[in-house]
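Numbering (my numbering), first residue to last: 47 to 296.
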C-alpha cells in the first residue's frame, strides 16, 4: 500500500484520495502524532495535558490504531456529508474532501488531550470533539445549543456506541462551571471572547485549546496565548494550529 512518507509528497488532492482509499485511519493518526512511516517509538515525547507527564507518540498511535477506526472515520465523514444536505452542519457547499480536511485538522488535537476530560464548545458537526471521541478519548462533553446539530451529535454517539461522551444543549455563557480538564473549540467566536467567558467558569488547573488559522493567531496577545502549529499545515497545504491558554489558578 502507499506509505505515509509517499503520501506526504503528493498534492493535497492526491493525499486525500490515498487517505480514504485504503489507509484512512492509519495515516490520519500518524499525521496527527507527527510520526513518519519508519519512526521508532522512542523518537518523540510530547506534553499532553494538565494531569499527565509525557507519552510516546508511537505508543499512543499503536494503542488506538485499530481496524475499526478506519471504518468509523469513513462512516462519520459520510454521515456529516449526508446530514449536511438537509441540516446546516458545515458549509452548505462542503464536499467530502472538505470534510476529510476537518477530520485531519481535528485529529491533530488528540495528542494534546489524550485521556484528559474535555469539553468541545460549539461542537456543531463534531469537529473536533466527536473525532476525539472516535479516536479513543470518550470522556468528553459536546456543547452545542442548536437542536438539529445536537440531534446529529447524539445520533453519532449512539451509532458508534460511545457512552461516556455526552451532548449538552447549552451555550458557553449559560454554564455555571467548567469541570473538564481541557476546553477545545474550532473558535466559534474570537479567542479573546472565548477566553473571557471561559476563565470565569474554570478553576485554573485546566487549559484552553482553540483551533485557528495562523492569521487568526497573529492577531492575539502573545502574552496570553501560545500558538502551536500542527502537521496539518504540511498535509493540507494550509497554515493551521492551536492557540493554548492556561487560566491562572484561583
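Cβ atoms here follow ideal geometry from the backbone N, Cα and C, with glycine treated the same way.
Assuming residue i and residue j make a contact with CB atoms under 8 angstroms, what is their CB distance in whole Å?
i           : j           : result
residue 155 : residue 230 : 6 angstroms
residue 248 : residue 274 : Residue 248 to residue 274, Cβ: 20 angstroms. No contact.
residue 228 : residue 145 : Their Cβ separation, rounded to whole angstroms, is 24 angstroms, which puts residue 228 and residue 145 out of contact at 8 angstroms.
Which word fits residue i, buried or exposed, when buried means at least 16 other C-beta atoms lie within 10 angstroms of its C-beta?
i           : result
residue 124 : exposed
residue 141 : exposed
residue 294 : exposed
residue 260 : exposed
residue 204 : exposed
residue 139 : exposed
residue 97  : Its pLDDT being 38, under 50, residue 97 is placed unreliably by the model, and nothing is read from it.
residue 132 : exposed
residue 116 : buried
residue 162 : buried
residue 101 : Confidence in residue 101 is poor, its pLDDT being 45 and thus under 50, which makes the residue's placement too unreliable to answer from.
With DSSP collapsed to three states, give me the class of residue i.
i           : result
residue 166 : strand
residue 212 : strand
residue 290 : strand
residue 302 : Missing from the structure shown is residue 302; the chain here goes from 47 to 296 and no further.
residue 257 : strand
residue 224 : coil
residue 295 : coil
residue 243 : helix
residue 229 : strand
residue 186 : strand
residue 23  : Because the chain is modelled from 47 through 296, residue 23 falls outside the range shown and cannot be assessed.
residue 266 : coil
residue 251 : coil
residue 205 : helix
residue 136 : coil
residue 219 : helix
residue 130 : coil
residue 158 : helix
residue 198 : helix
By Cβ distance below 7 angstroms, which residues in the same chain neighbour residue i in space, the five residues on each side in sequence not counted?
i           : result
residue 202 : 122, 125, 172 and 176
residue 291 : 241, 253, 254, 270 and 271
residue 219 : 243
residue 216 : 189 and 191
residue 127 : 142 and 145
residue 206 : 118 and 180
Residues in its own chain within less than 6 angstroms of residue i by CB, not counting five upstream and five downstream?
i           : result
residue 237 : 256, 266 and 289
residue 284 : none
residue 89  : For residue 89, the pLDDT reaches just 34, beneath the cut-off of 50, and the residue's location in the model is therefore unreliable, although a value from the coordinates is still provided. So no residue of the chain qualifies.
residue 221 : 247
residue 170 : 195
residue 168 : 231 and 234
Please confirm whether residue i and residue j have their CB atoms less than 8 angstroms apart.
i           : j           : result
residue 232 : residue 213 : no
residue 118 : residue 164 : no
residue 129 : residue 198 : yes
residue 166 : residue 286 : no
Within a Cβ cutoff of 8 angstroms, which residues of the same chain sit near residue i, ignoring the five residues on either side of it in sequence?
i           : result
residue 211 : 175, 176, 179, 184, 185, 186, 187, 188 and 203
residue 193 : 215
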